[in-house]
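Colleague: One structure coming up, written as structure tokens, with questions to follow.
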Amino acid sequence: MPACTKLREFLATKLCIPAADAVFSDGHFRSNKRNVPLGEAVGNSGLVAEELMEYGEFTKEKQ
1006 MPACTKLREF LATKLCIPAA DAVFSDGHFR SNKRNVPLGE AVGNSGLVAE
1056 ELMEYGEFTK EKQ
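Residue numbers (our numbering): 1006 to 1068.
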């Protein structure tokens, strides 16, 4: 799962918003019902999401 998806799910849960409706846009976390500035959504504790990136096979042909 990409880190941005983890962040969206975490903030959606924190703000009681369905994750499927939530998006990051113009410094805000938005849904159909709410529009919260990211700084307010994250709060003083900050926010971190980590994930691995898997690369497919890289061949000379694809360069």
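For every residue, glycine included, the Cβ atom is placed at its ideal position computed from N, Cα and C.
Note that this is a predicted model, so its numbers are computed, not measured.
1. When burial is assigned at 16 or more other CB atoms within 10 Å of the CB, is Ala1008 buried or exposed?
2. For a minimum of 4 consecutive residues, which ranges assigned as the alpha helix (DSSP H) are wholly contained in the region 1007-1066?
3. Are Gly1032 and Leu1020 touching if we call contact CB-CB under 7 Å?
4. Between Leu1012 and Leu1052, which are expected to be in contact by the criterion C-beta below 8 Å, what is the C-beta distance as a whole number of angstroms?
Modeller: Taking the structure as given:
1. exposed
2. 1008-1019 and 1043-1047
3. no
4. 7 Å
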